[in-house]
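Chains as they are written, first to last, in this note's numbering: chain L, 104 to 439; chain R, 104 to 439.
We treat Cβ as the ideally placed atom computed from N, Cα and C, and that holds for glycine.
Here the structure is a predicted model, which means the values were calculated and not measured.
Remarks on the structure that follows.
Written out as structure tokens, the structure is:
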């Protein structure tokens, strides 16, 4: 995988799966049930190490991704973060009233020690040939949770950005520095590369995309390099549509994560020449399995053949996926 | 507006607003409360005519769009359609068991008489300078409601398409013919142009986009022309991202509806030379109003200046929009 991230075309392509340490695995659910809540789960290295390694025991994957969450960053900033079972994350929203103090990005690394401990332990236990990925949410994506206090539709966040541009800027600035510190600490702990999940890139008019996604991501990558991080950075602006070209060209990321609906030929045309691409099988096909999965897997490999390619889904794997379909996918990819 | 649809650049651009006859208007809510349910509302010409004309009385708009719903087509096919107050539409889903008989597209026009009566009456009452728009849902979009039995996320529909391609094809074939009959009858009743709302174009891998959106839309446009319809057709593949180019080039539509996140320069580059474009102000700005709205309105006009342009939103207007912001928008556009 690191060879691909360095610009080399490798056949068959290396493979990992977004959210590979997740609820579709019975052994994950068994560990999950031991933690009293989701944040506690993320912050208990014994548990995080175990679930990070689980998919590697089952499948011939080329990378592990540390089990954690994009909301550890606001939590590390001192914003209260909790999860409502069966619903999702909750934070104190920033929609009403003046902007409170957002916390000190310089303290995030101190607060997130268990994440780095888990990374160091995974790296020590993992086969040296397996790449270990550290990650953070993109500044805009994390900001949408902080602003709304939850996930869901992003209309209120766009209104916040239009009506309170200075506050929006202040939030993004804190998140850029916090994410940079957090990502740099993950590399120091032993991660080999990084992914920025800009999961809510869709629906923004170009000027807002520029202010809320392009510039903060550019600042984040620049800051990481200034902090001495030389590891490759995969940017994944899910749903950015026509705007992935600007993301690929202007943010400084090493590689581009491509979502399901974006054709490989389009990503290749829009990205700088030779940029490694990652993607983009429809996760729904991993639920279906069978000939539909096999056929689309072959097509994805063919479509990305002109670029250095890391095989992945175009979105995270879903809880209802049968693990045997993942096994079939990986076996098919490795020519088994 | 018809001049723009014929390829002429008009300054200032003509304007209408998706869902302009809608809940943001108090006079709409007053009429809506008279109908026992939403389908009854659609099928009562007195009410449909009244709400179609309401926004034209308030605002200096260049087009009216007949008040109706994309689900009158499955209803006209004999599928049961009802609305749950505060939630949305319901149909008997097609997910489980063998595909039932889907109804006879030849009978749709007979079943939807009240829609055509409303169109004829609106056309008679409307200033001849105002364009009257007829519409239908795109075949894939309507199919997603029929398959799931409701709106919401489209994952199940993609799985249906992967696992039951023959059934998917059969549904789309019926919907193409039914939509063609319905759209042709709207033109015969007095509509001046047509819009195809492919509201759920996002998230499809390219081969499925081709099967479920491109080919059915191409068949629909071809069928409309065979039925003698010469009126312009606006195709609006909302969320198609990188794939709007293929939609614009391959379906035969006259004009392209552009969603909020797709820049005008991208649509222009991807569409056939000189194709009229419609869009694409963020509806959230109409809630905000003020300087943010004014500034983005100017930007949208500037960005589309190189193409024949119909000003519109990039998505439907929302119920919480203050009508005075719509007035301010239209006044600003008309140079008032």
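If you follow the beta strand (DSSP E) that residue i is part of, which residue opens it and which one closes it?
| i | result |
| --- | --- |
| residue 193 of chain L | 191-194 |
| residue 381 of chain R | 380-384 |
| residue 359 of chain R | 358-360 |
Is the Cβ of residue i closer than 7 Å to any Cβ of chain L?
| i | result |
| --- | --- |
| residue 306 of chain R | yes |
| residue 350 of chain R | no |
| residue 409 of chain R | no |
| residue 344 of chain R | yes |
| residue 126 of chain R | no |
| residue 395 of chain R | yes |
| residue 333 of chain R | no |
| residue 363 of chain R | yes |
| residue 248 of chain R | no |
| residue 296 of chain R | no |
| residue 387 of chain R | yes |
| residue 263 of chain R | no |
| residue 145 of chain R | no |
What residue range does the alpha helix (DSSP H) around residue i cover?
| i | result |
| --- | --- |
| residue 243 of chain R | 242-251 |
| residue 340 of chain L | Segment 336-340 is the beta strand (DSSP E) holding residue 340 of chain L; no alpha helix (DSSP H) there. |
| residue 213 of chain R | 211-214 |
| residue 59 of chain L | Because chain L is modelled from 104 through 439, residue 59 of chain L falls outside the range shown and cannot be assessed. |
| residue 343 of chain L | Per DSSP, residue 343 of chain L belongs to no alpha helix (DSSP H) and is neither H nor E. |
| residue 368 of chain L | 367-373 |
| residue 312 of chain L | 309-312 |
| residue 179 of chain L | 175-179 |
| residue 434 of chain R | 426-436 |
Check the C-beta distance from residue i over to residue j and give it rounded, since I have them as a contact under 8 Å.
| i | j | result |
| --- | --- | --- |
| residue 241 of chain L | residue 347 of chain L | Not quite, the Cβ-Cβ distance comes to about 13 Å (not below 8 Å), so this is no contact. |
| residue 192 of chain L | residue 254 of chain L | 7 Å |
| residue 290 of chain L | residue 237 of chain L | 6 Å |
| residue 334 of chain R | residue 295 of chain R | 6 Å |
| residue 325 of chain R | residue 355 of chain R | 7 Å |
| residue 259 of chain R | residue 148 of chain R | Not quite, the Cβ-Cβ distance comes to about 36 Å (not below 8 Å), so this is no contact. |
| residue 187 of chain R | residue 177 of chain R | Rounded, the Cβ-Cβ distance is 16 Å, inconsistent with contact. |
| residue 299 of chain R | residue 252 of chain R | In fact, because the Cβ distance is near 23 Å, the residues do not count as touching under 8 Å. |
| residue 327 of chain R | residue 389 of chain R | Wrong, their Cβ atoms sit about 32 Å apart, outside the cutoff. |
| residue 382 of chain L | residue 415 of chain L | 6 Å |
| residue 408 of chain R | residue 374 of chain R | 15 Å between Cβ atoms; not a contact. |
Could one say the Cβ of residue i lies closer than 7 Å to chain R's Cβ atoms, at least one of them?
| i | result |
| --- | --- |
| residue 366 of chain L | yes |
| residue 326 of chain L | no |
| residue 219 of chain L | no |
| residue 400 of chain L | no |
| residue 381 of chain L | no |
| residue 244 of chain L | no |
| residue 309 of chain L | yes |
| residue 238 of chain L | no |
| residue 266 of chain L | yes |
| residue 369 of chain L | yes |
| residue 260 of chain L | no |
How is residue i classed by DSSP in three states: helix, strand or coil?
| i | result |
| --- | --- |
| residue 297 of chain L | strand |
| residue 317 of chain R | helix |
| residue 413 of chain L | strand |
| residue 229 of chain R | coil |
| residue 238 of chain L | strand |
| residue 266 of chain L | helix |
| residue 186 of chain R | strand |
| residue 120 of chain R | coil |
| residue 168 of chain L | strand |
| residue 104 of chain R | coil |
| residue 364 of chain R | coil |
| residue 148 of chain R | helix |
| residue 126 of chain R | coil |
| residue 305 of chain R | coil |
| residue 138 of chain R | coil |
| residue 197 of chain R | coil |
| residue 283 of chain R | helix |
| residue 289 of chain L | helix |
| residue 220 of chain L | helix |
| residue 420 of chain R | coil |
Does the ligand MG have a heavy atom nearer than 6 Å to the CB of residue i?
| i | result |
| --- | --- |
| residue 423 of chain L | With respect to the ligand MG, the structure shown offers nothing to examine, as it has no ligands at all. |
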